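The structure appears below as structure tokens.
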Amino acid sequence: MVDDTQTTPNRRADVERNERAILDAAARVFASSGVDATVREVAAAAGVGMGTLYRHFPSRADLTVAVYRHQIDACAEAGPTLLASAPTPFAAMVEWIYLFVDFLGTKHGLGRVWQGDAAGISALHQLFIDRLVPVLTDLLTAARASGEVVADIRAYELLRATGDLVAWAVPDPDYDVRRIVDLLFAGLRQEQPENSGAASAS
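For the sequence shown, this note's numbering begins at 13 and goes up steadily by one.
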């Protein structure tokens, strides 16, 4: 008779490893080929069979949303790690934004996958805000305390601005998003010009 108390933890570890391998592979595939990439391509990249992939994620929507959540978690967890290991808080913030930019590359096309499910998209967006704004707030606060950031800007505004810079439909060899992000972040080291946020008089 098999002792389930010994086999269950091993099986659970195998399941978790397979799921992480699928999510990591899907993130890479979606970043390079978009969410319209075939699940067969994802399975091949993960080194698992189609049956294993479908046991974890019965539909394309399930897989795409799981990748989105997985990437949100990875970005959120990276913030404190980078703050502890980077040479300066500003360097940690820039490295974190690079991760965020890479994450946004897997997000394109999510609306097509969940077409007609506005509530699902809204819930994912709220998760995105709830998890990532506090992380960037901590990074921004540390960079401001070190004197590296002087501009008056909130983390939410910075996330939105970065997201707008990454808003492309397909990869463009003539557009280096990290260089543009570097230019944006260089502005954080400078005081905001007076009246720059005021509406123009009509």
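For glycine and all other residues, C-beta sits at the position ideal for the given N, C-alpha and C. Given the structure is predicted, the values throughout are model-derived calculations rather than measurements.
Cutting at 7 Å between CB atoms, please list the residues of its own chain near residue i, excluding the five before and the five after it.
| i | result |
| --- | --- |
| T64 | N30 |
| H137 | none |
Relative to the C-alpha of residue i, which candidate in the options has its C-alpha closest?
| i | options | result |
| --- | --- | --- |
| A49 | L136, P21, T76, T100 | T76 |
| R67 | D188, G59, F197, V27 | V27 |
| V60 | A73, I165, Q204, R32 | R32 |
| P205 | A163, F197, D188, L170 | A163 |
| H82 | L111, A39, F102 | A39 |
| E203 | D36, R156, Y187 | R156 |
| R201 | P101, H137, L95 | P101 |
| Y80 | A43, L177, I109 | A43 |
| S71 | V51, E89, V113, A90 | V51 |
| A98 | A154, F69, D186, P185 | A154 |
For a quick check, are the C-beta atoms of residue i and residue j less than 9 Å apart?
| i | j | result |
| --- | --- | --- |
| A167 | P146 | yes |
| M105 | L139 | no |
| D85 | R24 | no |
| G199 | L148 | no |
| I192 | L177 | yes |
| A78 | L35 | yes |
By Cβ distance, which residues of its chain are closer than 8 Å to residue i, with the 5 residues on each side in sequence left out?
| i | result |
| --- | --- |
| V41 | A49, E53, V54, A57 |
If we cut at 9 Å on Cβ distances, does residue i have a partner in chain B?
| i | result |
| --- | --- |
| T50 | Checking the listed chains, one finds no chain B in this structure; it contains a single protein chain. |
Excluding the five sequence neighbours on either side, which residues of its own chain have a C-beta within less than 6 Å of the C-beta of residue i, listed in chain order?
| i | result |
| --- | --- |
| L94 | A104, E107, W108 |
| A37 | V54, A57, A58 |
For my contact list, residue i and residue j are in at a C-beta cut-off of 8 Å; report their separation, rounded to the angstrom.
| i | j | result |
| --- | --- | --- |
| V189 | V113 | 6 Å |
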